[in-house]
Amino acid sequence: MKYTWWLLQIVLTLVSGFFLFFGVNMMVGAYHLKDPFSFMMTFFAASFVILISLTLTISFPIKMIRVYRQINHEPGNKEQVS
């Protein structure tokens, strides 16, 4: 049961990384459009996808690092590394 949280965080990091890749591909695809309106809408949509997915890609590993540090620095933990 305690490993499901770690697995969920890793899966969410990978999913947000996929959407980051998708957003970059969408941004590149926006520059191949001929219509200015379609370019602007695709450009801003890709920017929004990149912004959200980059934030999540950074925040999930930070959360995992904080929990890992908290687990290793508990007073009763005998596996503490100095």
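Each step along the sequence shown adds one to the number in this note's numbering, with nothing skipped, and position 1 is 16.
All C-beta atoms, glycine included, are put in the ideal place defined by N, C-alpha and C.
{"query": "Counting Cβ pairs, one atom from each stretch, are 3 or more of them under 8 Å apart for the region 74-81 and the region 38-54?", "result": "no"}
{"query": "Would you check if the region 55-65 and the region 17-25 touch, i.e. whether three or more CB-CB distances between them fall below 8 Å?", "result": "no"}
{"query": "Report yes if the C-beta distance between residue 44 and residue 68 is below 8 Å; otherwise report no.", "result": "no"}
{"query": "Check this for me: beta carbons of residue 57 and residue 41, under 8 Å apart or not?", "result": "yes"}
{"query": "Helix, strand or coil for residue 69 per DSSP?", "result": "helix"}
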